[in-house]
Amino acid sequence: MTTVVPTSEEDPALFVVRFTSEVSWADAGPEVVESQVKRLCIEAQECIVMGRWLDLASLMLTSADLIFSKVSDKDLECIFTVICNLVTKPESLDESLEMAKLISTKITQQPNEKPALRLKIMFNLYNLLENPYSRFFVYMKALDLAVNGKVSEHIISSFKKMDDFLREWNIGIQDQRKLFLTISNILKDSKSSAKDSFKFLTKYLATFSGEDAHTMGEAKEEAARTIIEFVKAPDMFQCDLVDMPAVAQLEKDAKYALVYQLLLIFLTQRLDAYLDFQAANSTFAEKLWSCP
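Mapped onto full-length UniProt numbering, the consecutive letters of the sequence shown carry residue numbers 1 to 292.
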């Protein structure tokens, strides 16, 4: 099998273009391979000379994507290291962001094909970026990849650094909500830590404090879920959910009022109050405890 081994002073990007185009066109015959390799290398050279880094990244990604299943993991890592390094070339942080979006989108398009390697490439890309929002964007794409590729175990350890990440990224409320909810869902699905899943759910709900009723309404389903997770947790006995506006809105809600009532019982009343509630709402209680 052909292996990526640079042997000259050729620009690494040109070398990767040459290597990937040779592999991707290998079945077309020597003459076709030669003409295609020449064409792609000329195009890549023009991009380098003109400083068209986004176009160069797009060109390289097209060939790299075609050979993902044809070369070794080591070769793929080398190829994508060169591609990811292109984000350091532009003087404009906006252009670097566009390149990061392009690269991360391409890497995450086939999450079931070598997902652990793809995730490793994503974090290599993350570490090359200077712009905080670019880093956040790539991190969110990495979360999606981890979920869709079923390799969440490789990313859960990073959640412990979330406070540091948030200070670095300085992201807005909408991005915080998406982040917290995604992390909570990952933790819940992986069954790694109910407490940590609950913690990120409450962080999500806290972002709705001060919002109007319409916006607050977006959080109703997750507020109810948070209450249910608290009630069903065997090792959580106190919480400040009742003080959260996103939770308090459920008190008179047609769909979730019983969930809110259950929270009050668990926090402020005794067993007999729950037994009365269960007797009066047997269908609701049965459904609640039968859900995973």
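Virtual Cβ for every residue (Gly too), placed ideally from N, Cα, C. As the structure is a computational prediction, the values presented were derived from the model and not from experiment.
Neighbourhood of N148 by C-beta, 7 Å cutoff - its chain only, sequence neighbours within 5 removed: For the purposes of this step, residue 148 is taken as residue 148 along the sequence shown, with counting starting at 1. If we look at N148 and ignore the five residues flanking it on each side, its Cβ neighbours are P111.
For the alpha helix (DSSP H) that N281 lies in, which residues bound it at each end? Against the sequence shown, residue 281 aligns to sequence position 281. Looking at the DSSP string, N281 is not in any alpha helix (DSSP H), and its letter there is neither H nor E.
Own chain partners of T7 with C-beta closer than 6 Å, once the 5 adjacent residues on each side are dropped: Position 7 of the sequence shown, counted from the first residue, corresponds to residue 7. Confidence at T7 is low in this model, with a pLDDT of 42, below 50, so its placement is unreliable and no value can be given for it.
Could you compute how far the alpha carbon of D94 sits from the alpha carbon of A44? On the sequence shown, position 94 is the one that residue 94 refers to. On the sequence shown, position 44 is the one that residue 44 refers to. Answer to the nearest angstrom: the Cα atoms are 22 Å apart.
R118 and T108 closer than 8 Å at C-beta: Position 118 of the sequence shown, counted from the first residue, corresponds to residue 118. Position 108 of the sequence shown, counted from the first residue, corresponds to residue 108. Taking 8 Å as the Cβ cut-off, R118 and T108 qualify as a contacting pair.
7 Å Cβ shell around Q278 - same chain, five flanking residues per side excluded: Here residue 278 corresponds to residue number 278 of the sequence shown, with the count starting at 1. A285.
Contact check, W25 vs V33, beta carbons under 8 Å: The residue you call residue 25 lines up with position 25 of the sequence shown. The residue you call residue 33 lines up with position 33 of the sequence shown. Yes, these two residues count as a Cβ contact at 8 Å.
State buried or exposed for E130, treating a residue as buried only when at least 16 other CB atoms are found within 10 Å of its CB. Residue 130 sits at position 130 when you count from the first residue of the sequence shown. For E130, the number of other beta carbons within 10 angstroms of its own is below 16, and it is reported as exposed.
Which two residues bound the contiguous alpha helix (DSSP H) that contains L117? For the purposes of this step, residue 117 is taken as residue 117 along the sequence shown, with counting starting at 1. Counting along the chain, the alpha helix (DSSP H) containing L117 begins and ends at P115 to L128.
Proximal residues to S190 (C-beta, below 8 Å), its chain only, five neighbours per side dropped: Sequence index remark: in the sequence shown, residue 190 carries index 190 (1-based). The answer, listed in chain order, is S152, E153 and I156.
Could you work out which residue in A213, H214, E221 and D212 is closest to T202 when comparing CA atoms only? Along the sequence shown, read from residue 1 onward, the residue named residue 202 stands at position 202. Nearest of A213, H214, E221 and D212 to T202, Cα basis: E221.
Selected residue, minimal CA-CA separation from M216, among K195, V242, L250 and V231: Looking up residue 216 in the sequence shown gives position 216. Taking only the C-alpha atoms, the option nearest M216 is L250.
Using DSSP with H/G/I as helix, E/B as strand and the rest coil, what is R177? Within the sequence shown, residue 177 is the residue found at index 177, counting from 1. Here R177 sits in helix by DSSP.
Where M50 falls, given that 16 or more other Cβ within 10 Å makes a residue buried: As a working mapping, residue 50 is identified with position 50 in the sequence shown. Flag for M50 reads exposed.
Residue from L288, W53, S72 and D164 with nearest C-alpha to K114: Counting from one through the sequence shown, the residue named residue 114 turns up at place 114. Out of L288, W53, S72 and D164, S72 has the C-alpha closest to the C-alpha of K114.
Where S29 falls: helix, strand or coil (DSSP): By 1-based counting over the sequence shown, the position of residue 29 is 29. For the sequence presented, residue 29 should be read as Gly rather than Ser. Correct three-state label for G29: coil.
In this structure, how does DSSP classify K70 when only helix, strand and coil are distinguished? Working through the sequence shown from its first residue, we reach residue 70 at position 70. Annotated three-state conformation of K70 is coil, per DSSP.
Looking only at its own chain, which residues have a Cβ that is under 8 Å from the Cβ of V5, when we skip the five neighbours before and after it? On the sequence shown, position 5 is the one that residue 5 refers to. Low local confidence applies: a pLDDT of 44 at V5 is under 50, so the model's placement there is unreliable, with the coordinate-based value given in what follows. Taken in chain order, the list of residues that qualify is empty.
Backbone secondary structure at G210 - three-state DSSP: One-based indexing of the sequence shown puts residue 210 at position 210. G210: coil per DSSP, three-state reduction.
Three-state secondary structure assigned by DSSP to E10: In the sequence shown, counting from the first residue as 1, residue 10 sits at position 10. Residue state, collapsed to three classes: coil.
Nearest CA to the CA of D235: which residue from K195, L76 and Y256? Within the sequence shown, numbered from 1, the residue matching residue 235 stands at position 235. Nearest of K195, L76 and Y256 to D235, Cα basis: K195.
Report the rounded CA-to-CA distance for L143 versus D65, giving the unit in angstroms. The sequence position of residue 143 within the sequence shown is 143, counting from 1. The sequence position of residue 65 within the sequence shown is 65, counting from 1. Each residue's Cα considered, the two are about 20 Å apart.
Distance, L166 Cα to S63 Cα: Residue mapping note: residue 63 aligns to position 63 of the sequence shown, counting from 1. Residue mapping note: residue 166 aligns to position 166 of the sequence shown, counting from 1. Their Cα atoms are separated by approximately 35 Å.
Neighbourhood of F266 by C-beta distance below 6 Å, restricted to the same chain and skipping five residues each side: Translated into the one-based positions of the sequence shown, residue 266 becomes position 266. The answer, listed in chain order, is V231.
Closest by CA to V247, which one among A233, F19, G210 and A273? Here residue 247 refers to the residue found at position 247 when the sequence shown is read from its first residue. Nearest option by C-alpha distance: G210.
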